[in-house]
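Numbering (this note's numbering), first residue to last: 194 to 600.
Just so it is clear, CB atoms sit at the ideal spot from N, CA and C, and this is done for glycine as well.
Keep in mind that this is a model prediction, so the values were computed, not measured.
The structure appears right after this line, and notes come after that.
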Amino acid sequence: MTPSNMSLAAAPASANTSPDIAASQAQLKIEGLRRPAAAEWPTPYVEVDETRLARNMQAMQARADAAGLVMFPHVKTHKSIDLAKRQLALGARGITASKPSEALVFVQAGIPSIIVAYPIVNASSLDRLLPAVKAHGTELRTIAASEMGVDALSTAAVRHGVDIGVFLKVDVGLGRVGLKPNDPAAIAVCQKIAAAPGLHFAGLLSHAGHSYAATDSENLAAVARTEAAALTGLAAMLKGLSIDVPCLSVGATPTCLGAPLQAVDCIRPGNYVFLDGTALRLGICSADDLALSVVARVVAANDTHFIIDAGSKTMSSDRGAHGMGGNGFGIVIGADAGSGAGVWTLERMSEEHGFVPAGGRTLPLGSRVRVFPNHSCATIANFDSFVLRRDEGEVLTLPVNARSCQT
């Protein structure tokens, strides 16, 4: 799983490597993935290899355990109650969710502890979640990055008679949500959390999403070190002001999987369960670790491309996490017995069609292909269910329980 024992025979692709190059590298060890797709399900559908899924889950949990870190995996990747419970059974203490409506699904499923890693600025955003939290006795923690956010969380907590742990969200380089660790407002927001009715200060939380633009393992390690230093430095300042910092929480699959784990308390990786073309490009996994693929069918062909029945409404138009990806949208291989050893790139898409440059190696109409997406999280979110395939050939259909949570 880690760069030191990757099964690819080529050097890890850099962040600027195109999917064509990544596909060529994947071809060196792609045979482990080249087995027929599950029974004749209507295409397109998502298939998850249970063996690779379990191996990925176990490896990350073992990595956290060895470092003495608590796991709160991010369920936005799979949105599945079944897979979340597997993560808890392996040793995760709870889960991380993207927004209140997503968290609600897992509260109702009995998950005992949840971090909602999303800024709340309107108290009513929690009016559906908090009654369920109270009824189930769920430990709830969330984030704030402004005094307005703290006020909203406090109002909601008091209104519903619950206690909410609140992390300060620290911007460690992505530039999306959070306060810089040297921003005076960071101290002020922490003090406000600690004093607000219905809230308690949970610690510091960050997401090094810019790690998806890393060019090599040294770059990934530098991002991880910088992130940890930002949190520990701010924690030291807070402790000097007599503010206890219970937890330092970091989360991004590239830094958690592809760099030495840092001296923090909690990690929140998500994509590690499936992995994808972006992880392959970053060199943090091998082709044999890719657990999720879309099975599609060749429906047309012309002089330059063969066309599959998987477009942007199947794959999403995301080239990678935070839009950090190369050219194309996925790696394509044959999914039927005897389909040959070709590896192609999903070059472009319309809504229901994908364009695959044939390169003189086209597939017959009606053939099935397997597409390993650049971003597995964005892909599975387009489906109501997925097929879980076992080595024995048995398949299960599992729901994507937290799909289409709008509020």
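Any idea what DSSP makes of residue i, helix, strand or coil?
i, result
"Asn594", "coil"
"Val588", "strand"
"Ala337", "strand"
"Val580", "strand"
"His353", "helix"
"Cys570", "helix"
"Gly402", "helix"
"Val300", "helix"
"Glu240", "strand"
"Leu392", "strand"
"Leu475", "helix"
"Leu323", "helix"
"Leu436", "The sequence shown places Ile at residue 436, not Leu. Note: Ile436 maps to coil in three-state DSSP."
"Thr195", "Unreliable placement is indicated for Thr195, whose pLDDT of 33 sits below 50; no coordinate value is reported for it."
"Glu233", "coil"
"Leu468", "coil"
With a threshold of 16 other CB atoms inside 10 Å of the CB of residue i, please say whether the residue is buried or exposed.
i, result
"Lys432", "exposed"
"Gly342", "buried"
"Thr244", "exposed"
"Ser404", "buried"
"Asp354", "For clarity, residue 354 is Gly in the given sequence; the question names Asp instead. It is exposed - the Cβ of Gly354 has fewer than 16 other Cβ atoms within 10 Å."
"Ser486", "buried"
"Ala530", "exposed"
"Ser410", "buried"
"Arg561", "buried"
"Ala259", "exposed"
"Ala204", "Low local confidence applies: a pLDDT of 30 at Ala204 is under 50, so the model's placement there is unreliable, and no value is given."
"Asp356", "exposed"
"Asn249", "buried"
"Glu544", "exposed"
"Gly444", "buried"
"Arg369", "exposed"
"Ala219", "Only weak support is given to the placement of Ala219: the predicted model assigns it a pLDDT of 45, under 50, and the value that follows is read from those uncertain coordinates. With 16 or more other Cβ atoms within 10 Å, it is buried."
"Glu240", "buried"
"Pro142", "The shown model of the chain, from 194 to 600, leaves out residue 142, and the question about it has no answer."
"Thr497", "exposed"
"Pro557", "exposed"
"Leu413", "buried"
"Asp482", "buried"
"Glu420", "buried"
"Pro293", "buried"
"Asp584", "exposed"
"Gly523", "buried"
From the DSSP output, which residues share a beta bridge with residue i?
i, result
"Trp537", "Val525"
"Leu372", "Val363"
"Pro550", "His498"
"Arg563", "Val488 and Ile526"
"Ile288", "Ile307"
"Pro312", "Ile336"
"Cys459", "Val263 and Ser442"
"Ala493", "Ile500"
"Leu397", "Leu361 and Leu441"
"Met250", "Bridge partners of Met250: none, in fact."
"Met542", "Gly547"
Tell me whether the beta-carbon of residue i lies closer than 8 angstroms to the beta-carbon of residue j.
i, j, result
"Val466", "Leu276", "yes"
"Ala429", "Leu441", "no"
"Asn464", "Cys570", "yes"
"Lys269", "Ala282", "no"
"Phe299", "Ile308", "no"
"Ile336", "Val359", "yes"
"Pro566", "Gly504", "no"
"Val588", "Arg582", "yes"
"Arg490", "Ile501", "yes"
"Lys148", "Ala401", "The structure shown does not extend to residue 148, since the chain spans only 194 to 600, so no value can be given for it."
"Val488", "Thr448", "no"
"Ala472", "Thr446", "yes"
"Pro439", "Ala395", "yes"
Between the stretch 585-595 and the stretch 251-264, are three or more C-beta pairs nearer than 8 angstroms? Judged by Cβ distances under 8 angstroms, the stretch 585-595 makes no contact with the stretch 251-264, as fewer than three pairs qualify.
Report yes or no: do three or more beta-carbon pairs, one from the stretch 310-328 and one from the stretch 383-393, lie closer than 8 angstroms? Between the stretch 310-328 and the stretch 383-393 there are fewer than three C-beta pairs closer than 8 angstroms, too few to call the two in contact.
Per the contact definition of three or more C-beta pairs closer than 8 angstroms, is the stretch 572-588 in contact with the stretch 532-551? With the rule of 3 Cβ pairs closer than 8 angstroms, the stretch 532-551 does not count as touching the stretch 572-588.
Given 8 angstroms as the limit, is there contact between the stretch 551-561 and the stretch 447-456, that is, 3 or more CB pairs closer than that? The count of Cβ pairs closer than 8 angstroms, one atom from the stretch 551-561 and one from the stretch 447-456, stays below three, leaving the stretches out of contact.
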